[in-house]
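Before any comments, here is the structure.
Protein chains: 2
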Amino acid sequence: MEYISLPKPYVDVVAECQAHMGEQVTFSGTVHRVRSFPEFSFIVVRTDRALVQCLFQGEEIGGIRREDVRDAMVVKVTGRVHEEVRAENGFEVELSAVEILGKPYDKLPVPLGKKYMGLSLDVDLPLRPITLRHPVKRAIFRVQSAIANGFSEYMISQGFVHMTSPKIVSAGAEGGADLFKVDYFGTRAYLAQSPQFYKQYMCGIMGRVFEVGSVYRAERHNSSRHLNEYIGLDFEMAYIDSMFDVMAMETGMLKYVMEYVKKNCAPELELLKANVPEIGESIPSVTFHEAKQIMLEKFGHKSKNRFDLDPKEEKMMCEYAKEEFGSEFIFITFFPSEKRPFYAKDDENDPKLACSFDLLFRGLEITTGGQRVHDYQEQMDKLNRRGMDASLFESFTIMHKYGMPPHGGLGLGLERLTMQLLGLSNIREASNFPRDMQRLEP
Amino acid sequence: MEYISLPKPYVDVVAECQAHMGEQVTFSGTVHRVRSFPEFSFIVVRTDRALVQCLFQGEEIGGIRREDVRDAMVVKVTGRVHEEVRAENGFEVELSAVEILGKPYDKLPVPLGKKYMGLSLDVDLPLRPITLRHPVKRAIFRVQSAIANGFSEYMISQGFVHMTSPKIVSAGAEGGADLFKVDYFGTRAYLAQSPQFYKQYMCGIMGRVFEVGSVYRAERHNSSRHLNEYIGLDFEMAYIDSMFDVMAMETGMLKYVMEYVKKNCAPELELLKANVPEIGESIPSVTFHEAKQIMLEKFGHKSKNRFDLDPKEEKMMCEYAKEEFGSEFIFITFFPSEKRPFYAKDDENDPKLACSFDLLFRGLEITTGGQRVHDYQEQMDKLNRRGMDASLFESFTIMHKYGMPPHGGLGLGLERLTMQLLGLSNIREASNFPRDMQRLEP
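Chains as they are written, first to last, in our numbering: chain P, 1 to 442; chain Z, 1001 to 1442.
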């Protein structure tokens, strides 16, 4: 029998080294690159977050021969830190002890030690457990992690309650045929297209809720902006006056997230040469109708799509926002109701329009949101008008039947936001282990 | 065109009222209960988190008749706050304005206004969008939310990086037949039984990672402690000396989470009459072998299960921990390797034992964790010894092949922890929309 005590405090290797200049430090990592000279070698050790240059002098240290230290070995090293302006982070560690904790059994299949690996996605993706060890690649996911953390932290600060929702469902929330089928003990079930119904339920329960969870779309796309499984950052809030309250919340959230990322990911942003947008006190917003006018007047573009913006038009509107307002974000509001979901609230002044919006960022839609129908009769009428069988939605409309507050919310694709923030050209680069039509592994 | 500015600051209704005693306040909520007298009514309004007693005097306020205010109406109310020791939270709001924001279309199917509804699960679960509006029920999920938030916050403070992993996978990580099948564009796929492979990959990439995500088990259980879809709190950490480092991290995490819950959920803990355990500086730990001895010597119980503890034995060991060490938690370590997963590291001193542990809390196993195999040859040998086809695991063992640090981690069931913390008798009470063999809705 023994007692398990609290863990040792966490130590960031770079901070530790910088705090102990001239002294001895011990840390662990993987051999990232070895550069050998006749009398010594530079051994660059990849720690959890950084590269640390170590100096191995002589032929042997404590039984470990210099020539045996090779790429991808996992090591624990001890040595004296000293300033070295030419090394990463401005210091170097002169080794006095080396312990081997793990070893590779084959030569690395990709040049991890190079500044850029220059791999095509076809080579990169199947080898993700290895390729993501590259400092530039893994930096993407540390930024993604910060986006999710910043999102949660902001939501909590605004009185939102973290929620989870089942992903095995009996029906799709967004309609259409793009549902993955699951065999649920012999019953046909589906993977959730969104947490929509559940966040509305929870909004009637808690007032303000958010979720960070998986979303499934069985779309037969093979594009650079679609994944078949992605992470949705969702929130839903009650007692709103209009969808503009939801948009204000998104503005506040994005401002917070951008500041969070800048504060927590400085080394990664530098590695990725990323430029985090400034969100001042507001984000510009135009109606769908205005957007069509703007594209016609400003770009001589006559839009053919009556219900939505196509990718080219999203780029155009972002160009406009940048030029006109110096903003990298722009909201588009009041889309035609016809192609918006059945739970979207229609505009009281013009029922052909939905109180629904998209947010565009650097040329790409990253959010869809809006106010939802909260009145039971209004929801039943809308289902009926669309020729939908309301009896199939009884477990959804039960919440309206027994009273719902006015409410609205949105969903934001984590990978899309990551992609746009970091200027990646394919969404697969912003998903650690992407799922697309051809890919189920790793 | 317009500018969308930042949202109004979030206001907690109770704090707002308490800060404005004697003054006028405005807030929104749902009519929870009405008690009518000849000259006035007490209207208890359920806000996002509390119940607020409002006094409606006279027959009408601004066009709203007193007799028309009924249960489940969503209202925005204005009035003067004054102290009232007999009311919830010690104050009452004397209404001067009432606005109706939403209305019910039918009489509530359950007695939401009662202190306890006294529903069986069969009645409760199908009506969850409504029944969770009850203060006691929704309190469970605010505590659950705090557990998840506290977990994330602690992990981040210890240098762990938030990760996500695909839930549509090509093979199960935990073996067995308990996998839900998914039709993935005509290919057979499964729902992930755990993020095991992915957190090991990410651990080789980031060093320390955590995830809060869905886990799927197609087990044909109909028990009070199993769900077919649940939320796993997972972490994985590199550069450990042994599994005891993982257990220390769990000790620190649980201590933090319990303090977080106490700090952030005081009203809910009171409503639920919950007793949050004290974790001092340690949690006791005994080996599986010792546990068998203890049960024999202390309880005269001769265990028949050579590989695990059964539910009765879990209770027994918790009774022992409580009596002997005053602890509501106890670790059980070094289980027989044979029934532990193929990725578990075997004990160097006795290869028949795995460096694997469970954590028991108030009579129930809530965690399984341990050290993992990190050496490629050791992992290949273990697969082969078990008669498993190593070629099926190439996308997993690729990480070992190119060098892995010693590492380990664990998974904790969020619903199980919630259930045990709050003394719930069925795990379905700790899942907002549970999935079991009979249940796919709501």
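Backbone N, C-alpha and C fix where the C-beta goes; we use that ideal spot for every residue, glycine too.
Distance CB(residue i)-CB(residue j) smaller than 8 Å
i	j	result
P129(P)	G1408(Z)	no
S1242(Z)	I1283(Z)	no
M1380(Z)	Q1200(Z)	no
R416(P)	R225(P)	yes
V209(P)	M163(P)	yes
P442(P)	L227(P)	no
Y154(P)	L191(P)	no
S1041(Z)	V1031(Z)	no
S165(P)	P195(P)	yes
Q371(P)	K345(P)	yes
I332(P)	M316(P)	no
T1131(Z)	D1122(Z)	no
A1050(Z)	N1089(Z)	yes
N-terminal and C-terminal residue of the beta strand (DSSP E) that residue i is part of
i	result
I330(P)	329-333
H1407(Z)	1407-1413
C203(P)	Premise fails: C203(P) lies in the alpha helix (DSSP H), 196-206, not in any beta strand (DSSP E).
N355(P)	In the sequence as presented, Asn is not what sits at residue 355(P); that position holds Cys. Here C355(P) belongs to no beta strand (DSSP E), and DSSP marks it neither H nor E.
D183(P)	181-184
V1044(Z)	1040-1046
Neighbouring residues, chain P, relative to residue i (Cβ below 8 Å)
i	result
K1401(Z)	P104, Y105, D106
K1114(Z)	Per Cβ cutoff of 8 Å: no residues; K1114(Z) is ~15 Å from chain P at best.
Q1024(Z)	By Cβ distance, chain P contributes nothing, its closest Cβ being about 18 Å from Q1024(Z), past 8 Å.
T1251(Z)	I4, S5, L6, P7
P1038(Z)	Neighbours of P1038(Z) on chain P: none; closest Cβ ~27 Å, over 8 Å.
V1215(Z)	Correct list: empty, because the minimum Cβ distance to chain P is about 10 Å.
Under 9 Å from the C-beta of residue i: neighbouring residues of chain Z
i	result
H374(P)	V1074, L1101, G1102
I427(P)	Ordered by position in chain Z, no residue passes the 9 Å Cβ test against I427(P), which lies about 14 Å from the chain.
Y239(P)	F1027, S1028, G1029, D1048, V1074, K1076, L1101
M366(P)	It should be noted that the sequence gives Ile, not Met, for residue 366(P). Correct list: empty, because the minimum Cβ distance to chain Z is about 15 Å.
G370(P)	Here the premise fails: no neighbours, minimum Cβ distance about 13 Å.
K302(P)	Residues of chain Z passing the Cβ test: none, with the nearest at roughly 20 Å.
S285(P)	M1001, E1002, Y1003, I1004
Where residue i falls: helix, strand or coil (DSSP)
i	result
G62(P)	coil
E26(P)	The question names Glu, yet the displayed sequence has Thr at residue 26(P). Strand.
I1130(Z)	helix
L1191(Z)	strand
H1226(Z)	coil
H1301(Z)	coil
I283(P)	strand
L1269(Z)	helix
T1418(Z)	helix
T1164(Z)	coil
F307(P)	coil
L424(P)	coil
Range covered by the alpha helix (DSSP H) that runs through residue i
i	result
V1143(Z)	1135-1157
V98(P)	Run containing V98(P): none in the alpha helix (DSSP H); it sits in the beta strand (DSSP E), 91-102.
T1078(Z)	First-last for T1078(Z): 1074-1083, but that is the beta strand (DSSP E), not the alpha helix (DSSP H).
V261(P)	243-264
V1013(Z)	1013-1019
E236(P)	Taken as a continuous stretch (DSSP letters only), E236(P) belongs to no alpha helix (DSSP H), being part of the beta strand (DSSP E) at 229-238.
V52(P)	Where V52(P) is concerned, there is no enclosing alpha helix (DSSP H), although the beta strand (DSSP E) it sits in stretches over 51-57.
R1385(Z)	1376-1385
P311(P)	311-325
Q1438(Z)	Taken as a continuous stretch (DSSP letters only), Q1438(Z) belongs to no alpha helix (DSSP H), as it is neither H nor E.
V1123(Z)	1121-1124
S5(P)	No alpha helix (DSSP H) holds S5(P); the beta strand (DSSP E) holding it covers 2-5.
E1394(Z)	1394-1401
Closer than 9 Å at the beta carbon, the chain P residues around residue i
i	result
A1448(Z)	A query on residue 1448(Z) cannot be resolved here, the shown segment of chain Z reaching from 1001 to 1442 and no further.
D1245(Z)	P7, K8
Any non-hydrogen atom of the ligand COA within 7 Å of residue i CB
i	result
G1411(Z)	You won't find the ligand COA in this model; it holds no ligand whatsoever.
Cross-chain neighbours of residue i in chain Z, by beta carbon under 7 Å
i	result
H162(P)	S1145, A1148, N1149
D183(P)	F1180, K1181
Where residue i meets chain Z, residues with beta-carbon distance less than 8 Å
i	result
L95(P)	Chain Z residues near L95(P): none, gap ~17 Å exceeds 8 Å.
A189(P)	L1440
Chain-ordered neighbours of residue i on chain P, where CB pairs are closer than 7 Å
i	result
L1132(Z)	I205
Y1198(Z)	F433
Cβ distance (whole Å) where residue i is taken to contact residue j below 8 Å
i	j	result
H1082(Z)	E1067(Z)	That pair is no contact at about 25 Å.
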